[in-house]
Amino acid sequence: MAISIPVIVAGSKLVLVLLTRFPAVVVLGGMLIGWIAGSMLVSDPTIRRLFPSAGEGTARLAGTVGALLVLFTGWRRRPRPQAKD
Numbered sequence: 006m007a008i009s010i011p012v013i014v015a016g017s018k019l020v021l022v023l024l025t026r027f028p029a030v031v032v033l034g035g036m037l038i039g040w041i042a043g044s045m046l047v048s049d050p051t052i053r054r055l056f057p058s059a060g061e062g063t064a065r066l067a068g069t070v071g072a073l074l075v076l077f078t079g080w081r082r083r084p085r086p087q088a089k090d
């Protein structure tokens, strides 16, 4: 316990520094989560029963759509600079 808490604190500081220095990592991580969510959606047994002819290509397509959806949503919601009057 005495060792694990400092390791967690130091690790979180390292992650914070890396995310600050390389903001693209946040975008890539979000896209990875979108990919996994899309792939899991079409791999669900209920969805498989509704669409029995869906093959492995469907999972890849859904993963790609999920990743691009996250990218597009992040791009649309990014803060924009205010116009100076």
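For the sequence shown, the numbering used here begins at 6 and goes up steadily by one.
Glycine residues also receive a C-beta, built at the ideal position from the N, C-alpha and C atoms.
Problem - Span of the alpha helix (DSSP H), counted from its first residue to its last, around alanine 15 - result: For this step, residue 15 is matched to residue 10 along the sequence shown. Element bounds for alanine 15: 9-26.
Problem - Stretch pair the stretch 20-31 + the stretch 47-60: three plus CB contacts closer than 8 Å - result: no
Handout entry: Burial state of tryptophan 80, where buried means 16 or more other Cβ atoms lie within 10 Å
Key = By one-based count along the sequence shown, residue 80 stands at place 75. Result: exposed.
Practice task
Return helix, strand or coil for serine 58, following the three-state DSSP convention.
Solution key: Numbered from its first residue, the sequence shown carries residue 58 at position 53. Coil, per DSSP.
Practice task
Give a yes or no on contact between the stretch 34-42 and the stretch 64-76, applying the rule of three or more CB pairs nearer than 8 Å.
Solution key: yes
Practice task
Pick helix, strand or coil for alanine 88, following the three-state DSSP scheme.
Solution key: Counting from 1 along the sequence shown, the entry for residue 88 is found at position 83. Coil.
Exercise for the section: Compute the beta-carbon to beta-carbon distance between alanine 67 and leucine 46, rounded to the nearest angstrom, for a pair I have assumed lies under 8 Å. Expected result: To locate residue 67, count along the sequence shown from 1; it is residue 62. To locate residue 46, count along the sequence shown from 1; it is residue 41. Between leucine 46 and alanine 67 the Cβ distance is about 6 Å, and since that is below 8 Å, they are a contact.
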